[in-house]
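J.: So the sequence shown is residues 1 to 146, counted in the UniProt record's numbering.
Quick one: the structure is below, questions incoming.
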Amino acid sequence: MDAALLAATGTLRYSPQLGHGGHTRRDGGSTLWWLIVDCDPELGRYLRHQFLLGHRRTRQLQSPLWGAHISAIRGERPPREALWKRWDGATVAFEYDPAVRETDGFVWCPVRCERLLTLREELGLPREPQPGLHLTIGNSRVGGVE
Numbered sequence: 001m002d003a004a005l006l007a008a009t010g011t012l013r014y015s016p017q018l019g020h021g022g023h024t025r026r027d028g029g030s031t032l033w034w035l036i037v038d039c040d041p042e043l044g045r046y047l048r049h050q051f052l053l054g055h056r057r058t059r060q061l062q063s064p065l066w067g068a069h070i071s072a073i074r075g076e077r078p079p080r081e082a083l084w085k086r087w088d089g090a091t092v093a094f095e096y097d098p099a100v101r102e103t104d105g106f107v108w109c110p111v112r113c114e115r116l117l118t119l120r121e122e123l124g125l126p127r128e129p130q131p132g133l134h135l136t137i138g139n140s141r142v143g144g145v146e
């Protein structure tokens with residue numbers, strides 16, 4: 001991760017619903033055991049713009065279904081379910097590397113957030129998620145799931 005990290009905040013959302021109001025993803029999976037950090041839509045818009053400028057506007061990029069977000073838990077049912085949604089709606093601070101990356105059509109920035117790692121541990125999950133913490137800002141795949 002780059003040494004020039006920027007600070008931001010977002011809102012914890014447990015079991016986030018998708019745009020159509022349910023929990024069923026396009027690939028048939030569920031969002032019931034997901035924890036995301038809802039980030040400022042303007043941050044996502046700005047970073048998508050930077051990505052497009054870097055590609056001389058030759059690429060198409062769509063916003064993720066949840067808008068700019070960090071996925072802290074992705075479908076992992078926690079051993080300590082009683083603590084699920086304990087911090088729903090809370091604000092969390094994080095740092096991100098503004099150098100945008102792309103993997104398999106998903107466009108993202110690396111994130112550092114001790115609070116999210118601690119939340120994973122409190123729920124009985126491994127401290128480090130796989131893939132690691134990242135701010136999803138868009139995708140170039142038609143029908144992308146994140």
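Backbone N, C-alpha and C define an ideal beta-carbon position, used for all residues, glycine too.
Check whether the Cβ atoms of K70 and V111 lie closer than 9 Å to each other.
T.: Counting from one through the sequence shown, the residue named residue 70 turns up at place 70. Counting from one through the sequence shown, the residue named residue 111 turns up at place 111. The amino acid occupying residue 70 in the given sequence is Ile; Lys does not appear at that position. A contact, by the Cβ cut-off of 9 Å.
J.: Helix, strand or coil: how does DSSP classify H55 here?
T.: Position 55 of the sequence shown, counting from 1, holds the residue named residue 55. It is coil, neither helix nor strand.
J.: May I ask you to report which of helix, strand or coil DSSP gives A82?
T.: Locating residue 82 in the sequence shown gives position 82, counting from the first residue. In this structure, A82 counts as helix in the three-state DSSP scheme.
J.: Less than 9 Å between CB atoms is the rule here; does W33 satisfy it with respect to chain D?
T.: Among the protein chains of the structure shown there is no chain D, as only one such chain exists.
J.: Counting along the chain, where does the beta strand (DSSP E) carrying R112 start and finish?
T.: As a first step, residue 112 must be located in the sequence shown, where it is residue number 112. That run of the beta strand (DSSP E) goes F106 to R112.
J.: Please classify G132: does DSSP put it in a helix, a strand, or coil?
T.: The sequence position of residue 132 within the sequence shown is 132, counting from 1. If DSSP states are grouped into helix, strand and coil, G132 belongs with coil.
J.: Measuring CA to CA, which of G67, W34, E95 and P79 is closest to T9?
T.: Taking the first residue of the sequence shown as 1, we reach residue 9 at position 9. Selected option, being the one with the closest Cα: E95.
J.: Along the chain, where does the beta strand (DSSP E) that runs through L6 open and close?
T.: Taking the sequence shown and counting its residues from 1, one reaches residue 6 at position 6. Here the beta strand (DSSP E) through L6 covers L6 to Y14.
J.: I'd like the list of long-range same chain contacts for T11, defined as Cβ closer than 8 Å, with 5 residues on each side in sequence excluded.
T.: Within the sequence shown, residue 11 is the residue found at index 11, counting from 1. The answer, listed in chain order, is V37, D38, G89, A90, T91 and V92.
J.: So G75 and W108 are in contact, right, with Cβ under 8 Å, and what is the actual spacing, rounded?
T.: In the sequence shown, counting from the first residue as 1, residue 75 sits at position 75. In the sequence shown, counting from the first residue as 1, residue 108 sits at position 108. About 18 Å; that fails the 8 Å criterion.
J.: If you draw a straight line from the alpha carbon of L135 to that of A68, how long is it in whole angstroms?
T.: For this step, residue 135 is matched to residue 135 along the sequence shown. For this step, residue 68 is matched to residue 68 along the sequence shown. Cα to Cα, the separation comes out at about 7 Å.
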